[in-house]
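J.: So the protein sequences, as listed, match chains W and P.
The first sequence maps to residues 3 to 344 in my numbering.
The second sequence maps to residues 275 to 329 in my numbering.
No residue lacks a Cβ here, since even glycine has one placed at the ideal position from N, Cα and C.
I'd like to ask you about the structure that follows.
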Amino acid sequence: MSTNSGLYGDPASGSSGARVPGLLTYAASPKEIDQQVRTSLSKSLSYILGEIAGHVDTEPLSVARALSTIQSHSVSPGVFARYYDLVFAISNNRFAEAQQLTHNIISMALQPASFEIRPLSNEQLGDDFARYHRLLFAESPNVGTQMPPGDGQFAAASRNLNEAIAIIQDVEPRIAREIQGLWTRIYLSRDKAQNGRASFGGVTSFMIWGATFMNADGYQDRWDMVQFLVHEITHALLFGLAARETLVLNAASDGYPSPLRTELRPMDGVYHAAIVCARLADFNQRWLDSSILNEQERERSIIAVNDNGAAFRDGAATISEHGILSQSGRELFANCCDGLDK
Amino acid sequence: MNNSKKSESTALINLKSDALLGFNQVSDAKDSQGLKSQIEMSRLFSKRGEIAPPV
């Protein structure tokens, strides 16, 4: 465990001085970021459907309605997941699959989506159950097939998640607005734990925009849920911001040490991990300052400030040495460095 | 289906990577062998907490 090395001084003191409000500053609101991503999806789909017109049949009026509704309201994360499957199907000349995916995207896009916590269940998700697993864990063979939590576990996790969202609303309303603006689904799963550890904690993918996934075996109480939510929504935010302008310009094939992984990761992964750690350190300090946490939570948050601050510094050193960042990427990174220094 | 290899270079339709959602976030999304494969995109786009809390 790391020791406090000056981040905020003493986290337990409850005095954070004149820190900047919110660690990450960005121009658009979360709802605007979500709309920009959906608009980009709509435009890209329009382009793709034009390119495959000779291979895939579509009904022009339905396509127009679907593209318009994607821009005007939140859609199921399944629309994004199918979009990526469509791209890969076309690139591999699998046009029958492309036809089916196009049909499904159009019909699914016409169904509005609003925020819900749901079990990751084969019964409820149908095709998406295997699709999500494949898109999330293609490079992680150690993550086995997921199963939904039992009714009692799901109810308890949902209750804790809602309580955690309320805490985040009190401590850092901007992060609560990100949860409300960027997500339509929190999926809860569980897996067969090995050696007393879950095979993953949480995962968020740009390819399943609008959703995040939590292993309910890994998070037991509201403090855990707060950490999960702040961690994963920061990934979602960075994905959304990067959709407007690339943040990290390093080649994806180059690997670097990352604060949250044991293997080498692309610089983009190091960047995500560092910013997530910065935000968790910042959020836990704000939570300590708010005094709306019990004694046990207070002790855990003090440790979280120190550990995440140390992990951020590890990642920041790698980024400073090797990172090739865009203007926006540099600004967000500087934002974190400055915010944690104050 | 084999998703682990690059998209086939003989693709009948060559989609422009800069017209695809998110591919602009990847500096080398497309090379001489075509678009990055699904497994490579998953590596880039799935941010997974490897160090899971104890059960």
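Does the contact criterion of 3 or more C-beta pairs under 8 Å hold for the stretch 75-92 of chain W versus the stretch 205-219 of chain W?
T.: Touching, yes, given that three or more Cβ pairs across the two stretches are closer than 8 Å.
J.: Does the Cβ of K290/P have 16 or more other Cβ atoms within 10 Å, making it buried, or fewer, making it exposed?
T.: By 1-based counting over the second sequence, the position of residue 290/P is 16. Flag for K290/P reads exposed.
J.: In terms of residues, what are the limits of the alpha helix (DSSP H) holding T41/W?
T.: One-based indexing of the first sequence puts residue 41/W at position 39. That run of the alpha helix (DSSP H) goes P32 to E53.
J.: Helix, strand or coil: how does DSSP classify G271/W here?
T.: Taking the first sequence and counting its residues from 1, one reaches residue 271/W at position 269. Reduced to three states, the DSSP call for G271/W is helix.
J.: Can you tell me where the alpha helix (DSSP H) holding Y189/W begins and where it ends?
T.: Along the first sequence, read from residue 1 onward, the residue named residue 189/W stands at position 187. Note, Y189/W: premise wrong, no alpha helix (DSSP H); beta strand (DSSP E) at R187 to S191.
J.: Is I170/W helix, strand or coil when you go by DSSP?
T.: For this step, residue 170/W is matched to residue 168 along the first sequence. Three-state DSSP puts I170/W in a helix.
J.: In its own chain, which residues sit with a C-beta less than 8 Å from the C-beta of E141/W, not counting the 5 before and 5 after it?
T.: As a working note, residue 141/W is residue 139 in the first sequence. Excluding positions up to five away in sequence, the list is empty.
J.: Using the beta-carbon of each residue, which ones in chain P are nearer than 7 Å to I92/W?
T.: Residue numbering aside, residue 92/W sits at position 90 when the first sequence is read from its first letter. Near I92/W (Cβ distances below 7 Å), the residues of chain P are I287 and L289.
J.: Q37/W: which of I170/W, T186/W and E174/W sits nearest, CA to CA?
T.: The residue you call residue 37/W lines up with position 35 of the first sequence. Out of I170/W, T186/W and E174/W, T186/W has the C-alpha closest to the C-alpha of Q37/W.
J.: Residues in its own chain within less than 6 Å of I326/W by CB, not counting five upstream and five downstream?
T.: Position 324 of the first sequence, counting from 1, holds the residue named residue 326/W. Excluding sequence neighbours, I326/W sits near L251 and N252.
J.: Applying the 10 Å Cβ sphere with the 16-neighbour rule, what's the burial state of R288/W?
T.: As a first step, residue 288/W must be located in the first sequence, where it is residue number 286. Classification for R288/W: buried.
J.: What's the C-alpha gap between A111/W and A68/W?
T.: Along the first sequence, one-based indexing puts residue 111/W at 109. Along the first sequence, one-based indexing puts residue 68/W at 66. Rounded to the nearest angstrom, the two C-alpha atoms are 6 Å apart.
J.: Verify whether the separation of the beta carbon atoms of Y273/W and L249/W is less than 9 Å.
T.: For this step, residue 273/W is matched to residue 271 along the first sequence. For this step, residue 249/W is matched to residue 247 along the first sequence. Cβ distance < 9 Å, so Y273/W and L249/W count as in contact.
J.: Could you check if F131/W is buried or exposed, using at least 16 other CB atoms within 10 Å of its CB as the buried criterion?
T.: Numbered from 1 along the first sequence, position 129 holds the residue referred to as residue 131/W. Buried.
J.: Could you have a look at N286/W and say whether DSSP puts it in helix, strand or coil?
T.: By 1-based counting over the first sequence, the position of residue 286/W is 284. In the structure shown, N286/W sits in a helix (DSSP, three-state: H, G or I).
J.: Tell me the residue span of the alpha helix (DSSP H) that contains R300/W.
T.: Stepping through the first sequence from its first residue, residue 300/W is reached at position 298. Start and end: E297 to H324.
J.: Let me check understanding here. Comparing Cα to Cα, which of R281/W, A115/W and E333/W lies closest to Q182/W?
T.: Walking along the first sequence from the start, residue 182/W turns up at place 180. Selected option, being the one with the closest Cα: A115/W.
J.: Output the distance between the C-alpha atoms of D226/W and P121/W, rounded to the nearest integer angstrom.
T.: Here residue 226/W refers to the residue found at position 224 when the first sequence is read from its first residue. Here residue 121/W refers to the residue found at position 119 when the first sequence is read from its first residue. C-alpha separation (whole angstroms): 18 Å.
J.: Please list, in chain order, the chain P residues whose beta carbon lies closer than 9 Å to that of T71/W.
T.: Counted from its first residue, the first sequence places residue 71/W at position 69. None at all; the shortest Cβ gap to chain P is about 17 Å.
J.: Which residue wins for smallest C-alpha separation from Y189/W, given the options L240/W, T41/W, N124/W and V89/W?
T.: Translated into the one-based positions of the first sequence, residue 189/W becomes position 187. Closest by alpha carbon: N124/W.
J.: When you compare only the Cα positions, how much space is there between G331/W and F230/W?
T.: The sequence position of residue 331/W within the first sequence is 329, counting from 1. The sequence position of residue 230/W within the first sequence is 228, counting from 1. Roughly 24 Å between the two C-alpha positions.
J.: Buried or exposed for P143/W, going by 16 or more other Cβ atoms inside 10 Å?
T.: Start at 1 with the first residue of the first sequence, and residue 143/W comes out as number 141. Counting Cβ neighbours within 10 Å, P143/W comes out exposed, since fewer than 16 surround it.
J.: What is the DSSP secondary structure of L266/W, counted as helix, strand or coil?
T.: For the purposes of this step, residue 266/W is taken as residue 264 along the first sequence, with counting starting at 1. Reduced to three states, the DSSP call for L266/W is coil.
J.: Go through the stretch 82-143 of chain W residue by residue and report every complete run of the beta strand (DSSP E) that reaches 3 residues or more, in order.
T.: You should have 118-121.
J.: What are the residues that DSSP puts in a beta bridge with S320/P?
T.: Translated into the one-based positions of the second sequence, residue 320/P becomes position 46. S320/P is bridged to S207/W.
J.: For the alpha helix (DSSP H) that contains F215/W, what are its first and last residues?
T.: Counting from one through the first sequence, the residue named residue 215/W turns up at place 213. Unbroken run through F215/W is the beta strand (DSSP E), A213 to N217; no alpha helix (DSSP H).
J.: Between I170/W and F285/W, what straight-line distance do the alpha-carbon atoms span, to the nearest angstrom?
T.: Position 168 of the first sequence, counted from the first residue, corresponds to residue 170/W. Position 283 of the first sequence, counted from the first residue, corresponds to residue 285/W. Roughly 9 Å separates the two Cα atoms.
J.: Sorted by chain position, which residues of the same chain lie with C-beta nearer than 7 Å to Y258/W's C-beta, five sequence neighbours on each side aside?
T.: Here residue 258/W corresponds to residue number 256 of the first sequence, with the count starting at 1. So the list reads L266, R267, M269, V272, T320 and H324, once near-sequence residues are dropped.
J.: Helix, strand or coil for P328/P per DSSP?
T.: Counting from one through the second sequence, the residue named residue 328/P turns up at place 54. Low confidence applies to P328/P: its pLDDT is 42, below 50, so where it sits in the model is not reliable enough to give any reading.
J.: Pick from F335/W, L138/W and T27/W: whose alpha carbon is nearest that of T206/W?
T.: Taking the first residue of the first sequence as position 1, residue 206/W is located at position 204. Measuring from the Cα of T206/W, the nearest candidate turns out to be L138/W.
J.: Name, please, each residue of chain P whose Cβ falls closer than 7 Å to the Cβ of F208/W.
T.: What you label residue 208/W is simply residue 206 of the first sequence in a count that begins at 1. Within 7 Å Cβ-Cβ: G296 and F319.
J.: Can you find at least 3 beta carbon pairs, one from the stretch 143-163 of chain W and one from the stretch 215-225 of chain W, that sit closer than 8 Å?
T.: Yes, they touch.
J.: Under 7 Å Cβ-Cβ, which residues of chain P neighbour D270/W?
T.: Within the first sequence, the letter at position 268 stands for residue 270/W. Ordered by position in chain P, the residues that pass the 7 Å Cβ test against D270/W are L318.
J.: With a cut-off of 9 Å, does the C-beta of A245/W fall near any C-beta of chain P?
T.: Counted from its first residue, the first sequence places residue 245/W at position 243. So yes, A245/W belongs to the interface.
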